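Take a look at the structure below.
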Amino acid sequence: MLDFVQQLVSGIALGCVYGLIALGFVLVYKATEVVNFAQGDLMMLGGFFAFTFIGMLGLNYWVGFAGAVICMALFGMLAERIVVRPILGYPQFSIIMATIGLGYFLRSVAGMIWGTDDFKIDTPFSQGVLRIGSLVLAYDKLSVIAATIILCALLYLFFNRTTLGTAMRASSENMLAAYYMGIPVKRVVSIVWAISAAVATCAGVLLAPITFIHSNVGLVLGLKAFPAAVLGGFGSIPGAVVGGVLIGVIESMAGFYLPQGWKDVAPYIVLLAVLLLKPEGLFGLHVRKKV
Amino acid sequence: MRFLFKTDYEDDIRLFPHSGYVYSYGLLLAVLLIAPYVLSSYLMSQLVFVCIYATVGVGLLILTGFTGQASLGHAAFLAIGAYTAAYLQQFNVPFPVYFLAAGLLTGLVGALVGFPALRLQGIYLVIATISFAFIVEEIMARWESVTHGNEGMRVKTMQLFGTTVSRDGPTFYYLCLAVLVLTIVGTLNLLRSPTGRAFVAIRDSETAARSMGINVALYKVKSFAISAGITGFAGVLFAHKLSFISPEMFTLQLSIEFIIVILIGGTFSLHGAVLGAIFLVMIDPFLTYLKDDMPGVIAGVAATLGAGTERAGHIQDAVAAFASANGLKGAIYGVIIVVFVLFEPLGLYGRWLKIKLFFQLFPLYKRATFKRQKIYVKSERNR
């Protein structure tokens, strides 16, 4: 039983990271119908920025964290301006390929700049553990869970309660109509990319104590975040996080109870099952086809 | 400029629209046939890879280019073909038998993947094919009694009709070339048949295709099966060329390379697969050139432009460090993909058509002829 709870908590913590990456997918998808295959790599880059600020320049953890988030938000805008904006409105496949290309580029360049070693960021939560009876929970895992809940709530409020959030949802439904209604669609898209890069950075920094940061971490985790986003229904913010947590728990349980090898495959088997049985996901909307 | 007057459907679907095609492709084939006697063994080896990649590219084009179903899992089909060949070879099965068996088995797996994929579109299909590829990769690594797991499998030299076909010899090249040419001819014939027309109709509008009486599900599964089967055939050749296969060769990276092949070549014509394969395979020699010769060349240029010997030396070192940096290949891949998607969406073959049209229409060419239409209105979610 104790093992089960331990596995559950570490699964949830890992799942929250998946959920945060999936949240990035969902944000960009909701606002622009673009699926950003480079989301994991944005996370990796954010982690490296934080590592540079905190580990190499020796800044305070929170200052470094904020610096990384701001830098990555600007970087997200830049990436959107250069790679995505010129092909907005073209078939999805082109945009998917462009973001795959962006991911490739970021991975390689990060490998060139920071090398291919593993890096670790010292956080205020790295050390301590929370003891409840004989249950031992590490603070770093709990911090991921807490941060995910806060971020998710903020984003949910942002999308549903603010003018800008409404504008984002409108431009995702129909860009042209949104433009006619006076929404500056280009700027909205730019801001969405900034937010999604910032969320990815949070994921990267929170992840750093759990798994180390290296140049391929984005690919590995980014691809695990897809099952999360699909499970939750692409386009639903709470769905992404719930999907992420479910995938994390499934992976963690599969690693503990099933023979070796199932751990890596389990998320994808779940994904295929979801796509077969309920393609719109747990929280997705079922939309009828129109001609 | 030549005007082709088409008076009936037969004229429209002719393989060679006019005699010029016969001459130019005949000449190309002749050049390819004498290539082993002219080119160095390194270039021949690259040419064999071009043939294999182009075969996969044609297979992928049927699915992605003509049926409109994106796949990022073709490395898995290649792996199934390669492993079938390696496995059957252990029991002294002759080459033609395991070649066909690999193609058929891969086609069958493709059809099985096609069924779940029926309900999926766009991004979901891409994700589903990625997942499929991951699962296949993991199976290959774990099913040790058949695949020897991560140790990989040796592939013995090919025995064809009692003779040994070395993987570096001209016979192997001719075999790969024959497979490629047969695949292309077969695909061209497929595409002008009712089946191929149905594929294109599904790509252009699934709803319209269905209302014209096309069984969308059946044709999608067919497209998956044919595409996978062709990739399986290529997998056998791939296994023989490398003479050793292991699960880590058939990763997502390879699937992306296949997509790059058709993306760079152009997704609307079979020419694209071949041009893209040439481009992709030639990246490696280009990188070697960059590493070995480029620093010296740039330093030489700098010296002639008036930089001192010391400065030139520094420049040479800097360029050499850049060219041999780890991961330069990935960065180049990334830049190539982005540049092609942004500036040359029709690929190399599209560029060739533009150049051709420019000279045909000489003073009257206008860029808008090839302009892409942007669609801001419809959300693909509601399609």
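Chain order of the listed sequences is A and B.
Sequential numbering from 35 applies to the first sequence in the numbering used here.
Sequential numbering from 152 applies to the second sequence in the numbering used here.
Each residue gets a CB set at the ideal place from its N, CA and C atoms; glycine is no exception.
Keep in mind the model is a prediction, meaning the values are calculated, not measured.
| Item | Value |
| --- | --- |
| Contacts of residue 69(A) in chain B (Cβ-Cβ under 7 Å) | 274 |
| Neighbourhood of residue 183(B) by C-beta, 7 Å cutoff - its chain only, sequence neighbours within 5 removed | 328 |
| Exposure of residue 285(A), with buried meaning 16 or more beta-carbon neighbours within 10 Å | buried |
| Inter-residue Cα distance where the pair is residue 280(A) and residue 46(A) | 8 Å |
| Within chain B, partners of residue 173(A) - CB distance below 7 Å | What residue 173(A) touches in chain B: nothing, since even the nearest Cβ is about 33 Å away. |
| Closest residue to residue 217(A) among 156(A), 199(A), 304(A), 310(A) (Cα-Cα distance) | 199(A) |
| Residue ranges of each beta strand (DSSP E) within the region 205–287 of chain B, 3 or longer | none |
| From 131(A), 314(A), 89(A), 184(A), residue whose alpha carbon lies closest to that of residue 236(A) | 184(A) |
| Strand pairing of residue 314(B), partner residues [DSSP] | 311(B) |
| Per-residue contacts from residue 481(B) into chain A (C-beta, under 7 Å) | 138, 141, 142 |
| Beta-carbon proximity of residue 11(A) to residue 49(A), cut-off 8 Å | Outside the shown range of chain A (35 to 325) lies residue 11(A), about which nothing can therefore be said. |
| Contacts of residue 120(A) in chain B (Cβ-Cβ under 8 Å) | 493 |
| Meets three-Cβ-pair contact criterion under 8 Å: the region 189–207 of chain B and the region 260–267 of chain B | no |
| Per-residue contacts from residue 161(B) into chain A (C-beta, under 7 Å) | Within chain A, no residue comes near residue 161(B); the closest Cβ sits about 32 Å away, beyond 7 Å. |
| Cβ pair residue 224(A), residue 115(A) closer than 8 Å | yes |
| Proximity winner among 121(A), 302(A), 103(A), relative to residue 228(A) (alpha-carbon distances) | 103(A) |
| Minimum Cβ-Cβ distance from residue 284(A) to chain B less than 8 Å | no |
| Any chain A beta carbon closer than 8 Å to residue 293(B) | yes |
| For residue 97(A), the nearest candidate out of 312(A), 157(A), 214(A), 275(A) (CA to CA) | 157(A) |
| Rounded C-alpha distance that separates residue 295(B) from residue 177(B) | 47 Å |
| 8 Å CB neighbourhood of residue 203(A) in its chain, flanking five on each side removed | 64, 65, 193 |
| Host beta strand (DSSP E) of residue 163(A) (start-end) | 163–166 |
| contact_flag[the region 137–152 of chain A, the region 479–494 of chain B] where n(CB pairs < 8 Å) is 3 or more | yes |
| Under the three-state DSSP convention, the category residue 305(B) falls into | strand |
| Residue from 244(A), 187(A), 56(A), 129(A) whose Cα sits closest to the Cα of residue 263(A) | 56(A) |
| Between the CA atoms of residue 429(B) and residue 291(B) - distance to the nearest angstrom | 29 Å |
| Three-state secondary structure (DSSP) of residue 365(B) | coil |
| Local Cβ density within 10 Å of residue 448(B), reported as buried at 16 or more and exposed below that | exposed |
| Rounded straight-line distance, which links the Cα of residue 287(A) to that of residue 303(A) | 14 Å |
| Cβ contact check for the region 403–419 of chain B and the region 493–503 of chain B: 3 or more pairs under 8 Å | yes |
| Neighbour flag for residue 203(B) against chain A, beta carbons, 8 Å | no |
| Residue from 334(B), 467(B), 389(B) with nearest C-alpha to residue 307(B) | 389(B) |
| CB of residue 231(B) within 8 Å of CB of residue 260(B), strictly | yes |
| Sequence-distant residues of its chain with Cβ nearer than 8 Å to residue 297(B) (five each side left out) | 234, 238 |
| Option in 349(B), 524(B), 320(B) with minimal Cα separation from residue 364(B) | 349(B) |
| Residues bridged to residue 193(A) [DSSP beta-bridge criterion] | Answer by DSSP bridge pairing: none, since residue 193(A) is not bridged. |
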